[in-house]
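Visitor: The following block contains the structure, expressed as C-alpha cells.
Here is the structure:
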C-alpha cells in the first residue's frame, strides 16, 4: 500500500505537457538544488563533478543570481577548502576572535557607572531580583561599585578603567557594543551560543561556517585555527570549534603550544625529510598506477592530499614558531616562547593572519570572577587576567595596523555573558573575596578593524549596568553582522541538513547592526 | 543497563519550544507519530508493543530502511542516499523497484536473516563487477549511482586502524570488556569537570579493535575524528567521507601506525630471505594481492634508498629474523608505512 504511494511519488514532476524551454529550466533548477544538497557528499565524485561544476559556475557568481537564489558552495573535490568569492564585496577577509572564557566583568573594564559606585554596599532593590535566576546569588545581595577607577580616553571619549593601560591607546579604533544579551547563564551553553548560534551541541561553529562559505587562502595551513591559554579549556570544550553537521574538513584545528602544533605533524623519530620525500614519491608512483588501472578520481585527490600534508608539515611548523620573530617584537607582546600564554597566542595569531588563515580563534580561560577564590576574585585574579591580555591585545592591534592588515581583518573581543552589578553572596553570606555573578541580560564586547565604525559605542545599559535600555543586540544579530562584514546575507550562507536549510543564525529573526558598519 | 520498573517511571510534560524550564501540561503518553500506522488501541504503551509495531506487516519502513543501510555498507551510498530521511525532504531512491523488492524479500522470503541478505548482495553480479571506470563513465555517472561499475570507497575510521593492526599481526582478539585507551597524543584529553586521565594502554589492550576505544563526548579519539567518525555529540545517521591532508598525517605519523608499520616490517623480514619476497609478503598482508612488477620495482628502490640513508644505531630494535640489521629493519618500516598509505590500502 505504502509502496504504491511511493511509486506515485516517484513520478518525475518535470515530466508532462510542458514546453521544452520550461523543461530545461526545471532541470537546471533541479541541478542547482542538487548542487547544494550534495555538497561535499560528492567529494568522492571527482572529475565528472568538476566538469558539471564548470558548466554551472556562471550561476554561482554574485550579481548574476537573483536575490532569492541559493548560493553554490561546491568545490573541486581535491581542495574542499579552496577560496570562494563572498556573496557581495566584503571589507573583512579574516577574523581574529579573542574570547575571554568565563565572562569578564564589563563593570571593571568598560562600563563606567558612577551611580553604582555611589550606591556601593547598599541592598540591591527588589526589582532587580524579581523573576530572575542567578547561578549563585541568593537572598538580598549588596550593590557593588567598580573595583577600579575609570577615565576617558582619546577623541572618542570612551571610558575605560585603569586595568588596560596598553589597550586604551587603541580605543579610537575600537567599536563597543555595550548592549549584548544572551539567553544562557551557564558557561558551556552560553559559549556554545556565542560560537555556534545554538546552546545545544551539534551545530557548526562560526569559524566552520566561514570556512565553508569562503574557504581559505593558504592551502598549506588549516583555515580555522584555535589557540588556548589560561591553563584550562573553555567550558564548552571542543564543541566550540566543531563543524557540527557540516563536513568535518571545516572544523577548527586546535594548535598546541607544546609538542607538535598540529596533531601528527612531526615525522616519526629517525625519519629524515629526504626519506619522507622518497616515501611520498613511492606512494605517488603506485597511486598513479592505481588511477591508471581504475580511474577513480578519489585516487587523484589522495595524491594531492599527501603532497599537501608534506607541505603542511613545514609551513605549519614555521607559522607557529615564534622564535623566528625578533626580540623586539616578542617584547612588544610580552611573549616568552615555550609558554602556553595568551601573549604567545596573539603573536601566533598575527603570523597566521599574515599567512592567509581565514579564522583564528583564541580562548583565554579564567575570567569567571565570582569571588569564590583569590585566583578569580575581582580584586586579585581578575587583575592578573587583565595584565595577561592587555599588552598582547594592544600589540596585536598595532602589528595589524602597521602591516595594513587591520583594514581587512576583524578583531572581536568578548566573553559569553556579563556580570551582575550586585556583589555575589554565595549561600546568602558575605564572601571573603569580591566577585560578581553571571548576568546574561547585558554585557560588553568590542570589535575593531575592517568593516567596523571605529571609536563608537553602540547600545546602552541602565545606571547600574544591569539591564539594557537602548539598542539591544542578540548573539544572532552579532552573527548576522559579522557575516555581513564577511560578505554574506546570513540567510544565504546555509547547508541542507535534517530537512532544513540550516544557517548560523537559526530560525529567530536576526538583524544586521548597521549602526556599527563602516 | 536496566529498564526502570513502571512505578519508577517519571511523568513527561511538553516543553515550550523545547525549553526544559517552561513545561506545559498535561502529562504525555507514549505513542507513535500520527503519520505512521497506529499502535493497537488495547496494547500497553511499552517497548514490547513498540517492537511488535516495528515488525508488523503494516509497517513497510523497517525493512526498507534496513536493506537500504546494508546496501550502503557495501556499496558506499544507499539506494536512498539520505539513510536518515525517507520523508519528503530526503533524497529520492536511485532504484525504487529494487529497494521495494529487497525490502519485501528481506521480510517475507529471508525472514529478517541479515546474513542471508548480505550474502545475496555480495554475490550479486552488480557487487562483483570490476571497479574499473573509464573517463566517459566517470563523466556520465561520477558517483556511480547507476552502478555500471563495482563500488569503491575509503575505509571507515575504524577499518583504517583495524586493518593496520591485523596486517601487522598486532591486533588483539580479546572481545568485550571495559573500553581501552590506545595511544593518543599528550594534551588532547580534555576533562574539564574531573581529573580523569588518559593513560596509554600497555600490552594487548593497546591493540584492540577500534570499537573498544574509550569514547568521551568532550574529547573524541582524534585520529578517528580526522577520518570522519562521529564526535558523539548528536546522533550521526551517516558519515560524510572526506579526503584531507590531516588523514595522511595520521596514517604516516600517528604512533599507532608507526608501531603497526614496525611490526609489519618485522613480519615481512621474517617471511623471506630476499627483499622481493619480503615486499611481496607485505603486499599480500596489506592489499591481499600480488604486486605488479612496477610496484615491486618502486618499493624495492625505496627500500634500497632508505637502507642507504639509515644511520647505524638510529633504530635500536631487536633484529627480526636471522641476519637482519637495524638498517634493514628501519628501511623495511619505511616501506611498511608506504604500503599502509597506498590508495589501494585505504580503499575497498
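Residue numbers (the working numbering), protein chains in the order written: chain A, 1 to 518; chain B, 1 to 348. Idealized CB from N, CA, C, for every residue including glycine.
In whole angstroms, what separates the C-alpha of residue 271/B from that of residue 158/B?
Guide: Their backbone Cα atoms lie some 27 Å apart in a straight line.
Visitor: Looking at the secondary structure, which residues open and close the beta strand (DSSP E) in which residue 501/A lies?
Guide: Its beta strand (DSSP E) spans residues 500 to 503.
Visitor: I'd like to know if the segment 91 to 103 of chain A and the segment 349 to 367 of chain A are in contact, where contact means that at least 3 CB-CB pairs between them fall below 8 Å.
Guide: Cβ pair count under 8 Å is three or more, so yes.
Visitor: State the Cα-Cα distance for the pair residue 153/A and residue 132/A, rounded to the nearest angstrom.
Guide: So the two alpha carbons sit approximately 35 Å from each other.
Visitor: What residue does the beta strand (DSSP E) around residue 101/A start on, and which one ends it?
Guide: Note, residue 101/A: beta strand (DSSP E), 94 to 101.
Visitor: Identify every run of the beta strand (DSSP E) within the segment 404 to 483 of chain A, keeping only runs that are complete inside it and at least 3 residues long; order them along the chain.
Guide: Listed in chain order, the complete beta strand (DSSP E) runs (minimum 3 residues) inside the segment 404 to 483 of chain A are 409 to 414, 418 to 423, 436 to 439, 443 to 449 and 468 to 470.
Visitor: So which of 319/A, 270/A and 456/A has the shortest CA-CA distance to residue 159/A?
Guide: Comparing Cα positions, the closest option is 456/A.
Visitor: Could you tell me whether the Cβ atoms of residue 479/A and residue 197/A are closer together than 8 Å?
Guide: Their beta carbons are under 8 Å apart, which means residue 479/A touches residue 197/A by this criterion.
Visitor: Check residue 75/A in the structure and name its three-state DSSP category.
Guide: Three-state DSSP puts residue 75/A in coil, outside helix and strand.
Visitor: Give the C-beta separation of residue 138/B and residue 213/A to the nearest angstrom, bearing in mind that I take them to be a contact with Cβ-Cβ under 8 Å.
Guide: Actually they are not in contact, since the Cβ atoms of residue 138/B and residue 213/A sit about 29 Å apart, beyond 8 Å.
Visitor: Beta-carbon of residue 453/A versus every beta-carbon of chain B: anything under 8 Å?
Guide: It does not; no Cβ of chain B falls within 8 Å.
Visitor: Is the segment 292 to 310 of chain A close to the segment 336 to 351 of chain A, with three or more CB pairs under 8 Å?
Guide: These segments do not touch.
Visitor: Which one of 123/B, 251/B and 332/B has the shortest CA to CA distance from residue 280/B?
Guide: Nearest of 123/B, 251/B and 332/B to residue 280/B, Cα basis: 332/B.
Visitor: With a threshold of 16 other CB atoms inside 10 Å of the CB of residue 10/B, please say whether the residue is buried or exposed.
Guide: It is exposed - the Cβ of residue 10/B has fewer than 16 other Cβ atoms within 10 Å.
Visitor: Classify residue 257/A as buried or exposed, calling it buried when 16 or more other Cβ atoms lie within 10 Å of its own Cβ.
Guide: Buried, since its Cβ has 16 or more Cβ neighbours within 10 Å.
Visitor: To the nearest angstrom, how far is the alpha carbon of residue 236/A from that of residue 202/A?
Guide: Computed Cα separation, rounded: 12 Å.
Visitor: Using a C-beta cutoff of 8 Å, does residue 268/A count as contacting chain B?
Guide: For residue 268/A, the answer is yes, since a Cβ of chain B falls inside 8 Å of its Cβ.
Visitor: Less than 8 Å between the C-beta atoms of residue 285/B and residue 286/A, yes or no?
Guide: Not closer than 8 Å, so no.
Visitor: On the CB-based measure, 16 or more other CB atoms within 10 Å of its CB, does residue 134/B come out buried or exposed?
Guide: Residue 134/B comes out exposed.
Visitor: Output, in chain order, the set of chain B residues within a Cβ distance shorter than 8 Å of residue 73/A.
Guide: Those do not exist, as residue 73/A stays about 14 Å from chain B at its closest Cβ, beyond 8 Å.
Visitor: Under a Cβ-count criterion, where at least 16 other Cβ atoms within 10 Å of its own Cβ denotes burial, should residue 514/A be classed as buried or exposed?
Guide: That one is exposed.
Visitor: Going by beta carbon distance, what residues of the same chain come within less than 7 Å of residue 263/B, once the five residues before and after it are set aside?
Guide: The residues are 168, 169 and 170.
Visitor: Cβ closer than 7 Å: which chain B residues qualify as neighbours of residue 247/A?
Guide: The answer, in chain order, is 240 and 242.
Visitor: Check residue 46/B in the structure and name its three-state DSSP category.
Guide: Note: residue 46/B maps to coil in three-state DSSP.
Visitor: Any beta carbon from chain B within less than 8 Å of residue 495/A's own beta carbon?
Guide: No, because no Cβ of chain B sits closer than 8 Å to the Cβ of residue 495/A.
Visitor: Here's a check: name, in chain order, each residue in its chain whose Cβ is nearer than 7 Å to the Cβ of residue 51/A, leaving out the five neighbours to either side.
Guide: Residue placement at residue 51/A cannot be trusted, given a pLDDT of 31 that sits under 50; the coordinates are not used to answer.
Visitor: Under 7 Å Cβ to Cβ from residue 172/A, same chain only, skipping five residues before and after it: list those, please.
Guide: Excluding sequence neighbours, residue 172/A sits near 154, 155, 156, 454 and 455.
Visitor: What in chain B is Cβ-close to residue 264/A, meaning under 7 Å?
Guide: Under the 7 Å cutoff, chain B gives 249, 250, 253 and 254.
Visitor: Have a look at residue 200/A and residue 422/A and give me their C-alpha separation to the nearest angstrom.
Guide: If you take the alpha carbons of residue 200/A and residue 422/A, they lie about 29 Å apart.
Visitor: With 8 Å as the limit, tell me which residues of the segment 140 to 156 of chain B have their beta carbon closer than that to any beta carbon of chain A; keep them in chain order.
Guide: Against chain A - using a Cβ distance shorter than 8 Å - the residues of the segment 140 to 156 of chain B are 140, 141, 142, 143, 152, 153 and 154.
Visitor: Quick check: what's the CA-CA separation for residue 315/A versus residue 476/A?
Guide: Their Cα atoms are separated by approximately 35 Å.
Visitor: To which residues of the same chain is residue 123/A closer than 7 Å at the C-beta, ignoring the five residues directly before and after it?
Guide: Answer for residue 123/A: 140 and 142, listed in chain order.
Visitor: Please tell me whether residue 343/B has its Cβ less than 8 Å away from any Cβ of chain A.
Guide: So yes, residue 343/B belongs to the interface.
Visitor: Would you report the Cα separation of residue 266/B and residue 290/A, rounded to the nearest angstrom?
Guide: Straight-line Cα distance between these residues: approximately 26 Å.
Visitor: For residue 370/A, does the three-state DSSP call read helix, strand or coil?
Guide: DSSP places residue 370/A in coil when its eight states are reduced to three.
Visitor: Within a Cβ cutoff of 8 Å, which residues of the same chain sit near residue 252/B, ignoring the five residues on either side of it in sequence?
Guide: The answer, listed in chain order, is 337 and 341.
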